[in-house]
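Let me begin by presenting the structure, written as structure tokens, before commenting on it.
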Amino acid sequence: MEFIEQFKALPPNERAQFAKFIVEHEESWVPESFREGMTAAEAGRFVDLDTALSEPYPDDRK
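Per the numbering used here, the very first residue in the sequence shown carries number 216; after that it's consecutive.
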């Protein structure tokens, strides 16, 4: 959890640089789900856990 908090505390440009580095230097020990998450974070597609658990998914609001 500490790592995630440190990542979230980075300025957006540094988060993007870190995410790009992880994706580009893919190693077999890095789970696919983590690489996908880093790609999503690089693109700005992430949400606070409390929001994710308490708010409906945008497509479900219809």
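Ideal Cβ positions, reconstructed from N, Cα and C, are used throughout, including at glycine.
Task: Beta-carbon proximity list for Ala-231, same chain, < 6 Å, skipping 5 on both sides - done: Start at 1 with the first residue of the sequence shown, and residue 231 comes out as number 16. Excluding sequence neighbours, Ala-231 sits near Glu-257.
Task: Span separating the alpha-carbon of Asp-274 from that of Ile-219 - done: Position 59 of the sequence shown, counted from the first residue, corresponds to residue 274. Position 4 of the sequence shown, counted from the first residue, corresponds to residue 219. Distance between the alpha carbons of Asp-274 and Ile-219 is about 27 Å.
- [ ] Return helix, strand or coil for Arg-260, following the three-state DSSP convention.
- [x] Here residue 260 corresponds to residue number 45 of the sequence shown, with the count starting at 1. Note: Arg-260 maps to coil in three-state DSSP.
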